[in-house]
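Chains as they are written, first to last, in our numbering: chain A, 1 to 398; chain B, 1001 to 1252.
See below:
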């Protein structure tokens, strides 16, 4: 290598002209050939029960669809565009097979347009309902949120289907966006989802993923930045019962300076074969100086026979960062918390209920959608009633 | 009545090398209206005594008895002990995320009294108890002990002492880590509790500092899992001057 080559290389590195290939996050592509059908041995598929995906991974086009019930605040419009148009409008391209398949098979995208300077307290509600797990449904959604808009978006899923969807949130500069996606499926549903957010300059986005139902839910929540100063808060809450597989895969791609990401996912597991997976990937690119990131995953194992996988990954390519950290913990009840409450006269059962209630409330109170918060609290209480108050819990050391 | 009687108490904890005896025969009687200070070097078993009285599952009582007004405490579960009138102010109060102080205090009060407190007076009682230890009422809405400073956690323990109004309070190194202002505030809280007259106080401390604000009736020096010496407040002054050396060296 000559001196000039070396200099050229260092300039190229500094400008990041070549895309940095993150070993955990392959470059995106619309070409299905770039995303072969996984065998289950791949790093990104090794936790997923491929057979239970019921053929989605090589699924063909389908006329089946979910029924949409919507409440649309004045000013927001919903229309249909072609896949090519969605691409031109700046959707976030797929980086794995289900997302690429959804775009290839959906036959067009739903475009939800929130105009610039939109300001509304009333949330945009999209309620998607499936009739049968025999239906294979593809979905492509694009939310375009204008500069300085302030909007709350709730997407809820109920009923049953094999639903594979790719959703993009393209968020304008200075916008404040609160997104909540609720997976409240029937027991046999299979849901593969990729939510990806591009945060505008100085914009802030909160994305909350709540998964209670379904046989298998595998959901990506990705965030990247269109400019400096963007902030993303990625929240999650899940409750896996016997036999359920709930998988949440996070990716914060710090591709701009002075951006922030804060990830908090909390889950509980109860019953034989309950399985949860949380993968928290963070990439801090060379250009992303002065960023802050923190990711946290906590799992509470309520009975024997459950499995919680929790894997935080941090790739850092610059030393000039404000802060980067992660925490992951999977445990049964905290004996010290129970002892503290009981030492104040609170019965063991009531103490457990309080600790669990608090465990979830800690996330629920941050979601910032009052109407949904009440529903979530009620759903958590119902889930808890199945086991916690039934007295079949296993205490630490018991 | 409030008499806590500890007789020949032996306690072990499980370690990797098998059970290890920490308390080796403790005798102590706290009558109504009395304040007892237990002092001793680190590792002498002071905190083990506190947690054993409260019923922490980590500690196994192998011998002896603990009774409150003649009733066997060791047969009771942790929460039954609290409902019987025992209170432990902890050295390291535990954080319980997502559970508000208001919810916690109301749940505890309901459990201890066997009925929910009257809403109107309760809110006032909570605010009064908080103001008494100079805690802002907004703490009610925060999660239990989460993000509290060391001093705030200790003051929160005193708020609970005032509201739950037990018969006997065990204070485990409540003074540790407090600055002088916080120490005074916490001591005043304990003195208000004492002033009710029919209460027992077991004050566990490493330092004599807190005894300038809370006057004990009896001082017990704890060494190697039992009481090595006892006396009146003057014993604390002697310890202040001489330290624990003579006890620790005597043991060796």
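Where is the CB? At the ideal position from N, CA and C, for every residue including glycine.
Thinking C-beta only, is residue j closer than 8 Å to residue i?
i, j, result
"residue 1164 of chain B", "residue 344 of chain A", "yes"
"residue 300 of chain A", "residue 359 of chain A", "yes"
"residue 1225 of chain B", "residue 1045 of chain B", "yes"
"residue 199 of chain A", "residue 165 of chain A", "no"
"residue 237 of chain A", "residue 279 of chain A", "no"
"residue 195 of chain A", "residue 224 of chain A", "no"
"residue 1096 of chain B", "residue 376 of chain A", "no"
"residue 172 of chain A", "residue 148 of chain A", "yes"
"residue 181 of chain A", "residue 216 of chain A", "no"
"residue 146 of chain A", "residue 109 of chain A", "no"
"residue 1222 of chain B", "residue 1064 of chain B", "no"
"residue 244 of chain A", "residue 274 of chain A", "yes"
"residue 974 of chain B", "residue 1030 of chain B", "In this structure chain B extends from 1001 to 1252, so residue 974 of chain B is not present and cannot be described."
"residue 1214 of chain B", "residue 1187 of chain B", "yes"
"residue 125 of chain A", "residue 68 of chain A", "no"
"residue 91 of chain A", "residue 168 of chain A", "yes"
Determine the closest residue to residue i out of the options, with distance taken between C-alpha atoms.
i, options, result
"residue 1233 of chain B", "B:1112, B:1137 and B:1037", "B:1037"
"residue 120 of chain A", "A:201, A:98, A:107 and A:176", "A:176"
"residue 46 of chain A", "A:249, A:386 and A:302", "A:249"
"residue 112 of chain A", "A:143, A:289 and A:256", "A:143"
"residue 313 of chain A", "A:324, A:306 and A:178", "A:324"
"residue 1088 of chain B", "B:1073, B:1172 and B:1075", "B:1172"
"residue 326 of chain A", "A:265, A:353 and A:62", "A:265"
"residue 193 of chain A", "A:222, A:307, A:380 and A:150", "A:222"
"residue 95 of chain A", "A:362, A:212 and A:28", "A:28"
"residue 133 of chain A", "A:65, A:105 and A:285", "A:65"
"residue 48 of chain A", "A:373, A:308, A:322 and A:317", "A:308"
"residue 1196 of chain B", "B:1035, B:1078 and B:1239", "B:1035"
"residue 1047 of chain B", "B:1241, B:1206, B:1076 and B:1140", "B:1206"
"residue 1198 of chain B", "B:1069, B:1141 and B:1123", "B:1069"
"residue 85 of chain A", "A:197, A:97, A:53 and A:107", "A:107"
"residue 287 of chain A", "A:346, A:226, A:251 and A:151", "A:226"
Residue i CB to nearest chain A CB: under 8 Å?
i, result
"residue 1112 of chain B", "yes"
"residue 1138 of chain B", "no"
"residue 1107 of chain B", "yes"
"residue 1209 of chain B", "no"
"residue 1008 of chain B", "no"
"residue 1219 of chain B", "no"
"residue 1011 of chain B", "no"
"residue 1116 of chain B", "no"
"residue 1083 of chain B", "yes"
"residue 1020 of chain B", "no"
"residue 1052 of chain B", "no"
"residue 1079 of chain B", "yes"
"residue 1186 of chain B", "no"
"residue 1143 of chain B", "yes"
Compare the C-beta of residue i against all C-beta atoms of chain B and say whether one is closer than 8 Å.
i, result
"residue 348 of chain A", "yes"
"residue 341 of chain A", "yes"
"residue 352 of chain A", "no"
"residue 383 of chain A", "no"
"residue 332 of chain A", "no"
"residue 206 of chain A", "no"
"residue 177 of chain A", "no"
"residue 360 of chain A", "yes"
"residue 375 of chain A", "no"
"residue 326 of chain A", "no"
"residue 345 of chain A", "yes"
"residue 336 of chain A", "yes"
"residue 386 of chain A", "no"
"residue 378 of chain A", "no"
"residue 197 of chain A", "no"
"residue 129 of chain A", "no"
Next item on the list: Select from the segment 1155 to 1175 of chain B all residues with a C-beta closer than 8 Å to any C-beta belonging to chain A, and list them in chain order.
Entry: 1160 and 1164
Margin query: Three or more C-beta pairs under 8 Å: does that hold for the segment 155 to 163 of chain A against the segment 181 to 194 of chain A?
Written below: yes
Next item on the list: Please confirm if the segment 1050 to 1069 of chain B is in contact with the segment 1078 to 1096 of chain B, defined as three or more CB-CB distances below 8 Å between the two stretches.
Entry: yes
Next item on the list: Could you run through the segment 1086 to 1101 of chain B and flag, in chain order, every residue whose CB is less than 9 Å away from some CB of chain A?
Entry: 1086, 1087, 1088, 1090, 1092, 1093, 1094, 1095, 1096, 1097, 1098, 1099 and 1100
Check: Is the number of C-beta pairs between the segment 258 to 273 of chain A and the segment 281 to 297 of chain A that are closer than 8 Å three or more?
Finding: yes
Margin query: Residues of the segment 1056 to 1069 of chain B in Cβ contact with chain A at a cutoff of 9 Å, in chain order, please.
Written below: 1056, 1057 and 1058
Notebook entry, point to check: Is the segment 1177 to 1188 of chain B in contact with the segment 1210 to 1219 of chain B, if contact means three or more CB pairs nearer than 8 Å?
Noted result: yes
Next item on the list: With 7 Å as the C-beta to C-beta threshold (strictly closer), list the residues of the segment 1231 to 1249 of chain B near chain A in chain order.
Entry: none
Next item on the list: Compile a chain-ordered list of the residues in the segment 286 to 307 of chain A whose CB is closer than 8 Å to at least one CB of chain B.
Entry: none
Note to self: Along the segment 1190 to 1206 of chain B, where does the CB come closer than 7 Å to a CB of chain A? Name the residues.
What the structure shows: none
Note to self: When you compare the segment 1102 to 1110 of chain B with the segment 1153 to 1169 of chain B, are there three or more beta-carbon pairs, one atom per stretch, that lie closer than 8 Å?
What the structure shows: yes
Margin query: Under 7 Å, CB to CB, which of the residues in the segment 260 to 282 of chain A have a partner in chain B?
Written below: none
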